[in-house]
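Quick note: the sequence shown uses our numbering, first residue 114, plus one each step.
Glycine included, each C-beta is placed from N, C-alpha and C at the ideal position.
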Amino acid sequence: VITAVSRYAKLRLSPPGLGQMLAEFMLENDGAYLSGVKEEYNHRRYVVYNRLNQMPGVTTYLPGGAFYCFARFPVESSEDFCRWLLEDFEYQGATVMLSPGQGFYATPGLGKDEVRIAYVLKETDLHAAMDCLQEALRVYSERKVGKQLVNSE
């Protein structure tokens with residue numbers, strides 16, 4: 114037992130090699146790398162924020178320091194909408210994967226019409242995703258109106 118505990122303790126004394134290399138890189142770097150990453154994510158943030166604000170019925174706010182944003186959609190259930198996106202919708206051979214907002218709130222009922230969108234893709238892919246999302250919202254709302262008309266007859 115003492116030998117096993119001793120081996121385990123020795124493993125914890127030194128950080129992994131990859132961690133050491135990353136730490137060395139960051140110490141030797143003048144900050145340009147992180148500055149570039151920060152600029153890129155800031156640009157992506159504005160791409161998604163601006164595109165969402167152009168979509169009818171969508172409201173969002175400018176995130177302060179994350180790589181994702183929350184948006185309120187003109188849907189009753191973001192969970193149903195997100196499932197529909199993955200299972201039943203495609204635009205130009207693709208779809209978009211979003212996270213339903215309700216799972217990010219501790220208070221029941223909050224976030225039911227919200228989604229979380231990560232802006233981790235390069236700009237051209239973000240624009241394609243926003244095009245797809247805009248079309249999905251249009252089709253989803255027309256689908257809902259069609260169901261209401263059928264049910265009212």
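Boundaries (first-last residue) of the beta strand (DSSP E) holding residue i
i	result
F183	Y181 to R185
A231	E227 to A231
Exposure of residue i, with buried meaning 16 or more beta-carbon neighbours within 10 Å
i	result
L211	buried
M139	exposed
G222	exposed
M134	exposed
Y232	buried
R164	buried
V263	Confidence in V263 is poor, its pLDDT being 49 and thus under 50, which makes the residue's placement too unreliable to answer from.
R120	exposed
V188	buried
L250	buried
L175	exposed
Straight-line Cα distance separating residue j from residue i
i	j	result
T237	T116	55 Å
Y253	F194	8 Å
L131	D143	20 Å
C245	S148	31 Å
G206	A242	12 Å
V104	N155	Within the shown structure, residues of the chain are numbered from 114 to 266, placing residue 104 beyond reach of any answer.
L199	E153	28 Å
E255	Y146	46 Å
Q167	T220	29 Å
R185	G224	8 Å
E137	V150	18 Å
V114	Y218	45 Å
P169	P129	50 Å
T208	H240	13 Å
Start-to-end residues for the alpha helix (DSSP H) that takes in residue i
i	result
S191	S191 to D201
Whole-Å CB distance - residue i paired with residue j, under 8 Å assumed
i	j	result
E227	S191	6 Å
R196	G214	The pair is not a contact, with the Cβ atoms about 14 Å apart (cut-off 8 Å).
T173	F180	With a Cβ gap of about 15 Å, T173 and F180 do not count as contacting.
Problem - Secondary structure, alpha helix (DSSP H): runs of 4+ residues fully inside the segment 137-182 - result: As for any alpha helix (DSSP H) of minimum length 4 sitting wholly inside the segment 137-182, the runs are 145-166, ordered along the chain.
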